[in-house]
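Read in order, the letters of the sequence shown correspond to residues 1 to 257 in my numbering.
No residue lacks a Cβ here, since even glycine has one placed at the ideal position from N, Cα and C.
Below is one structure, written out as structure tokens; comments come after it.
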Amino acid sequence: MKIVIRLDDIAPGMDMGKFRRFKRLLDEHDIKPLIGVVPDNKDPKLDNLNDEIKEPIKDDMSEENPHFWRMVRDLQTEGWIISMHGLNHVYTTKEGGLLPLNRQSEFAGLSLEEQKSMIAKGKKILMSHGIATDFFMAPSHTYDKNTIEALLENGFRRITDGFGSVAYRRLDMTFYPISYRRESVRHDKREGYTTFVVHTNTLTNEDFQYYSDLFDEGNVVSWNEWLMEEPVEAGAFQGVKEYMMARLKYILVHKRW
């Protein structure tokens with residue numbers, strides 16, 4: 001099984017020291033990840049982690065934090081894949097949506113019109129900084145059918161989520177699955193791809209060593225390799241299977257129904 005890396009919670013206030021340390025590790029192995037950029041971060045947990053590049057914010061369309069946005073553009077030029085990671089990264093409901101790995105969501109449970117407006121706003125902010133993408137990454141992996149429709153109406157065609165070993169088409173979107181159990185993936189000799197989700201803000205020294213060892217194994221590849229593969233059509237019960245798998249994982253993690 002080949003592994004690709006996605007980095008969540010990319011925002012101006014993130015811990016730049018840890019981000020740069022992880023980037024050096026990726027560069028050493030010539031791995032180009034996918035990164036989830038928060039267009040207009042309002043999550044205090046992703047802010048005040050690092051003051052190195054923070055500057056006064058004027059408004060959404062201003063050139064606030066120009067160093068951050070220049071960095072994102074440079075990464076895209078290097079071959080990193082950019083995904084829009086929600087809008088504000090603030091949870092507005094306790095819904096799990098179609099993939100209930102968590103009981104909190106920025107989108108699931110909101111009306112179609114609300115979600116269309118939020119996604120349009122996020123896309124406009126990214127484009128104002130010269131960043132175009134049709135990839136979406138939902139905070140906490142939670143989205144519903146209204147999210148899908150709102151994404152399609154705003155020109156998004158790909159989501160980094162779901163379960164499986166191949167990219168698949170469902171609900172007029174292409175899904176690139178995340179790993180269900182990491183350690184089993186490392187030893188899985190079958191053909192296919194999956195995604196390891198990384199939050200650089202919270203990485204420890206032990207985590208950095210884990211990824212260094214993982215990259216040395218040679219099974220981690222750049223996202224562009226997976227994007228060259230033709231997606232398959234999802235099976236009739238893909239949605240039901242994913243929902244049940246996500247629900248079970250939530251129960252096992254939280255030890256409750």
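query = In chain order, what residues of the same chain have a beta carbon less than 6 Å from the beta carbon of residue 29, not counting five sequence neighbours either side?
reply = 215
inquiry  = Just list the residues that DSSP pairs residue 34 with in beta bridges.
reply    = 6, 81
ask   = Which partner residues of residue 197 appear in the DSSP bridge assignment?
value = 6
Completely contained beta strand (DSSP E) runs for the stretch 158 to 182, where each covers 3 or more residues = 168 to 170, 173 to 175
task = Specify the secondary structure class of residue 229 as computed by DSSP and reduced to three states.
result = coil
ask   = Beta-carbon separation of residue 133 and residue 83 under 8 Å?
value = yes
request  = Look up residue 220 in the DSSP assignment and say whether it is helix, strand or coil.
outcome  = strand
task = Please state if the CB of residue 233 and the CB of residue 169 are separated by a distance shorter than 8 Å.
result = yes
message = Using CA atoms only, rank isn't needed, just tell me which of 113, 164, 174, 171 is closest to residue 150.
response = 113
task = Taking residue 238 as the reference, give the member of 195, 98, 105 with the closest Cα.
result = 98
key: Candidates 184, 101, 5, of which the one nearest residue 81 by Cα   = 5
message = Please state whether the Cβ-Cβ distance between residue 226 and residue 176 is less than 8 Å.
response = yes
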